[in-house]
Ligand SMILES: [Zn+2]
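Numbering (the working numbering), first residue to last: 5 to 442.
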């Protein structure tokens, strides 16, 4: 048995009564066995967290790790031209070694910044490479091959037939869903309505349900997208998907910035998860999702950084801070208070991934996914309410230690699963290769 003791920290448990305790967290063979009491004096592994916050690892329920090498190469565009002129040509130009470099860079940034679990939309090809990189990095990841069997201006390299897209997705799910003791899972990922035929959307919904996997797509991000969906498919985006069966507690919709009144009711009734991506929605000028209203209606909401080319960071704390600030001008100063924002980044994400019983809080029986945050920093001092510090002041660079599944993947700010210098060098080399092809 491998025992890890994280001792002496201020533990922000996020348990049902939201207890904040001082003491130890004990993780044995990947699961939490004690929270708050003194752990064993001798353990195989120990982290002294005195003076630090110990929090559940952040969950980002919408990211694109393959896009990381397009960071800074797709600025100042709106969604559809951003996709057609920059992102799709970039994804079409990726070889397997480029995908590996992009995903390693993303996982390194995510883990070092305190994000322990992601829902990741890959690209059309090389999905095994995405899984392999996530496996090596040690992150908890639900990943899906991006499905694209329709649409305007899709480059040849991303085009696929409906049958091939469905068959490859199912084969990947068989290979990877539940791998690494459940740390890796498959999430079926039709890109968005405008990239997918109705036949594909209908069938992938059945396949995902049959295999017990989540369904992950984008919906109602941009007004032009919503207009084209209405014109081509004869209905509003979220309701169109719901009509095909793609709504429910196993469905994750990124963005949902422009819902109709009826669609809000659909989201509530079906308990579909919405992923709020504040940086991305601001940078692509998409709008501001009605998150405060979603929460008041009882709609499930999680957070995500989306991809590096629309953010340009993958910093979960930055998304937390933005989410906490963005809704106040319209909703008043108490809109999305710090503790509620922190719930979205932990429990909300866990629920979106279908992992509410496994992660999202520090409780006995859950997986050992936790983060030690150093608050002895100029921009955090003095000590205040922990949620206030975490949402309004803490940055990714304040993360000191990160544990996933009981394994220490970041210690003293240093990645232990990946060589940071090598990751950066490979990312730069891959970007040069991509530039040569574009
Ligand atoms: Zn996205």
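Note that the Cβ used here is the ideal one computed from N, Cα and C, for glycine as well.
- Membership of residue 405 in any alpha helix (DSSP H) is not indicated; the residue belongs instead to the beta strand (DSSP E) covering 403-408.
- Only buried fits residue 176, as 16 or more other CB atoms lie within 10 angstroms of its CB.
- Inter-residue distance for residue 200 and residue 148 is about 15 Å (C-alpha atoms, whole angstroms).
- Minimum Cα-Cα distance from residue 301 among the listed residues 406, 271 and 221 corresponds to 271.
- The three-state secondary structure of residue 245, taken from DSSP, is helix.
- Exposure of residue 54 is indicated by the presence of fewer than 16 other C-beta atoms within 10 angstroms of its C-beta.
- With a threshold of 16 other beta carbon atoms within 10 Å, residue 228 falls short and is exposed.
- For residue 319, the CB stays at least 6 Å from every heavy atom of ligand 1.
- By the neighbour-count criterion, in which a residue is buried when 16 or more other Cβ atoms sit within 10 angstroms of its Cβ, residue 89 is exposed.
- With contact defined as three or more Cβ pairs closer than 8 Å, the stretch 214-223 and the stretch 235-247 are in contact.
- According to the DSSP assignment, residue 209 belongs to the alpha helix (DSSP H) that extends over 202-215.
- With a cut-off of 6 Å, the C-beta of residue 356 is classified as distant from ligand 1, since no heavy atom of the ligand falls inside that distance.
- Three or more Cβ pairs closer than 8 Å define a contact, and the stretch 304-324 falls short of that threshold against the stretch 177-188.
- Judged by DSSP secondary structure, residue 56 falls within the beta strand (DSSP E) whose first and last residues are 56-60.
- For residue 166, the CB contacts under 7 Å within the same chain, skipping 5 residues up- and downstream, are 153, 201, 203 and 204 in chain order.
- With fewer than 16 neighbouring CB atoms inside 10 Å of its own CB, residue 418 falls in the exposed class.
- The count of Cβ pairs closer than 8 Å, one atom from the stretch 388-398 and one from the stretch 92-110, stays below three, leaving the stretches out of contact.
- Taking the CA atoms as reference points, residue 338 sits about 49 Å from residue 168.
- Looking at the DSSP output, residue 143 bridges to nothing.
- Looking from the CA of residue 195, the closest CA among 289, 208 and 284 belongs to 208.
- With a cutoff of 6 Å, residue 124 does not count as near ligand 1, since its C-beta is closer than that to no heavy atom of the ligand.
- Shortest gap from the CB of residue 74 to any heavy atom of ligand 1: 6 Å or more.
- Close CB contacts of residue 162 within its chain, under the 7 Å cut and outside five residues either way in sequence, are with 92, 95, 96, 128 and 152 (chain order).
- Ligand 1 has no heavy atom closer than 6 Å to the beta-carbon of residue 106.
- Within the same chain, Cβ atoms closer than 7 Å to the Cβ of residue 368 are found at 36, 37, 38 and 39, the five residues on either side in sequence being excluded.
- The bridge partners DSSP lists for residue 418 are 415.
- According to DSSP, residue 11 shares a beta bridge with 52.
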